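Be aware that the sequence shown starts at 5, since it is given in the numbering used here, and climbs by one per residue.
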Amino acid sequence: MAAKIRKGDKVVVLTGRDKGRTGEVFEVRPDAGTALVRGVNMVKRHQKQTQAQEGGIISKEAPIQLSNIAYVGKDGKPTRIGFKILADGKKVRIAKSSGAEIDG
Numbered sequence: 005m006a007a008k009i010r011k012g013d014k015v016v017v018l019t020g021r022d023k024g025r026t027g028e029v030f031e032v033r034p035d036a037g038t039a040l041v042r043g044v045n046m047v048k049r050h051q052k053q054t055q056a057q058e059g060g061i062i063s064k065e066a067p068i069q070l071s072n073i074a075y076v077g078k079d080g081k082p083t084r085i086g087f088k089i090l091a092d093g094k095k096v097r098i099a100k101s102s103g104a105e106i107d108g
């Protein structure tokens, strides 16, 4: 199935403790059906010191299910995403609420 949410998309969280918060997707894991959103769903992790990085308690993003996030359209409201095949045969994503084509 084609990816409706992609890296670089601005999304809003629909459920959970971060409901209503927005952020940019910086990693999508299609096999797990999850995504990592910058600054959202932060968790504390105890990290052991290595040569490359310091040890201690760090904050990092935890994955969020794709069903719990929605793409933010040009109007700033969450929208579902559909697909449309153009006359030249190219497949593009469109916002269901406005019908506008999504870049990228």
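Ideal Cβ positions, reconstructed from N, Cα and C, are used throughout, including at glycine.
Predicted, not measured: the structure shown is a model, and the values here were computed from it.
Counting only runs of 3 or more residues that sit fully inside the region 31 to 65, the beta strand (DSSP E) segments are 38 to 41, 46 to 51, 60 to 65, in chain order. Per DSSP, the unbroken beta strand (DSSP E) holding G86 starts and ends at 85 to 89. Of the other Cβ atoms in all chains shown, fewer than 16 fall within 10 Å of the Cβ of G59; this residue is therefore exposed. Under DSSP, the beta-bridge partners assigned to T26 are V16. Annotation: F30 to D92 spans about 30 angstroms, alpha carbon to alpha carbon. Under DSSP, no beta-bridge partner is assigned to I9. Only buried fits D13, as 16 or more other CB atoms lie within 10 angstroms of its CB.
Close CB contacts of R49 within its chain, under the 8 angstroms cut and outside five residues either way in sequence, are with I61, I62, S63, K64 (chain order).
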